[in-house]
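Residue numbering for the sequence shown follows our numbering, beginning at 41 and increasing consecutively.
Idealized CB from N, CA, C, for every residue including glycine.
The next block holds one structure in the form of structure tokens; read it before the comments.
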Amino acid sequence: VKYGCLGVDLNPDVIGWCYIDLNGNPVARGQIKLDLHSKRSGQVEALIADAIRQLVLIAQLYGCAIVIENLDFSAKKKRMTEVGRRYARMLNFFAYSTFNDILQRLCRNKGIQVIKVNPAYSSLIGLTKFMSLYGMSSDTAAGLVIARRAMKLSEALPAHVALPTVMVDRRHVWA
Numbered sequence: 041v042k043y044g045c046l047g048v049d050l051n052p053d054v055i056g057w058c059y060i061d062l063n064g065n066p067v068a069r070g071q072i073k074l075d076l077h078s079k080r081s082g083q084v085e086a087l088i089a090d091a092i093r094q095l096v097l098i099a100q101l102y103g104c105a106i107v108i109e110n111l112d113f114s115a116k117k118k119r120m121t122e123v124g125r126r127y128a129r130m131l132n133f134f135a136y137s138t139f140n141d142i143l144q145r146l147c148r149n150k151g152i153q154v155i156k157v158n159p160a161y162s163s164l165i166g167l168t169k170f171m172s173l174y175g176m177s178s179d180t181a182a183g184l185v186i187a188r189r190a191m192k193l194s195e196a197l198p199a200h201v202a203l204p205t206v207m208v209d210r211r212h213v214w215a
């Protein structure tokens, strides 16, 4: 982590990644498109494995760890009957556990550390703080936030975005 991180933001149709240096500044970024709709499970695994191989090559190039969100969809999948069909289908096709398993296996084989961080508000912070500043897409900006979170760097919102409030208790910025 002291040499930089590769932050990865997984979405149902695209993987956004951003490599940051030891100061937390973005050096490289990109997207890997995923078309998992109407694919069999073997095809989904092959497409995800190809995308992860690209991420592993990037991590090897920069000699850094890969940082992902620690997501848990078990509660959401139990409530799938309460939400609409489109959201339920998207959640069903969202293969996070497959992504996580393949990433852990390939990184273990290559000697790359995988770090999991809290996913709270990573997309929102990326949108408001980094997207316009660096001209990024929303998923690469979220990847930047995820990598900075692993390096324990600041996540406070800029003053022009934050609403003036009176802090009664000392809560974390995610509150």
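For the alpha helix (DSSP H) holding residue i, just list the boundary residues, first then last.
i: K150; result: 136-150
i: V84; result: 81-102
i: V185; result: 178-190
CA-CA distance, residue i and residue j?
i: I142; j: N158; result: 20 Å
i: D53; j: S163; result: 15 Å
i: N149; j: L193; result: 29 Å
i: Q24; j: L167; result: Nothing in the structure corresponds to residue 24, since the chain is present only between 41 and 215.
i: E85; j: D75; result: 12 Å
i: I88; j: G56; result: 13 Å
i: V41; j: G82; result: 33 Å
i: A160; j: E195; result: 11 Å
What residue does the beta strand (DSSP E) around residue i start on, and which one ends it?
i: Y59; result: 54-60
i: G262; result: Residue 262 is absent from the structure shown; the chain starts at 41 and stops at 215.
i: V41; result: Note, V41: premise wrong, no beta strand (DSSP E); not H, not E.
i: E109; result: 105-109
Can you round the beta-carbon distance between residue i and residue j to whole angstroms, since I take them to be within the 8 Å contact cut?
i: Q71; j: S177; result: 7 Å
i: L46; j: I106; result: 5 Å
i: A99; j: I165; result: That pair is no contact at about 23 Å.
i: G64; j: M191; result: 6 Å
i: A182; j: D49; result: 4 Å
Going by DSSP in three states, residue i sits in which element: helix, strand or coil?
i: A160; result: coil
i: G70; result: strand
Go through its chain and collect everything with a Cβ distance to residue i's Cβ below 6 Å, but skip five positions before and after it.
i: L146; result: I92, V96
i: K73; result: V54
i: N110; result: K156
Taking 7 Å as the limit between beta carbons, can you name the residues of its chain near residue i, skipping five residues before and five after?
i: A187; result: C45, L46, G47, C58, I60, V107
Residues in the same chain with beta-carbon distance under 8 Å from residue i, minus the five sequence neighbours each way, listed in chain order, please.
i: A68; result: C58, Y59, I98, Y102
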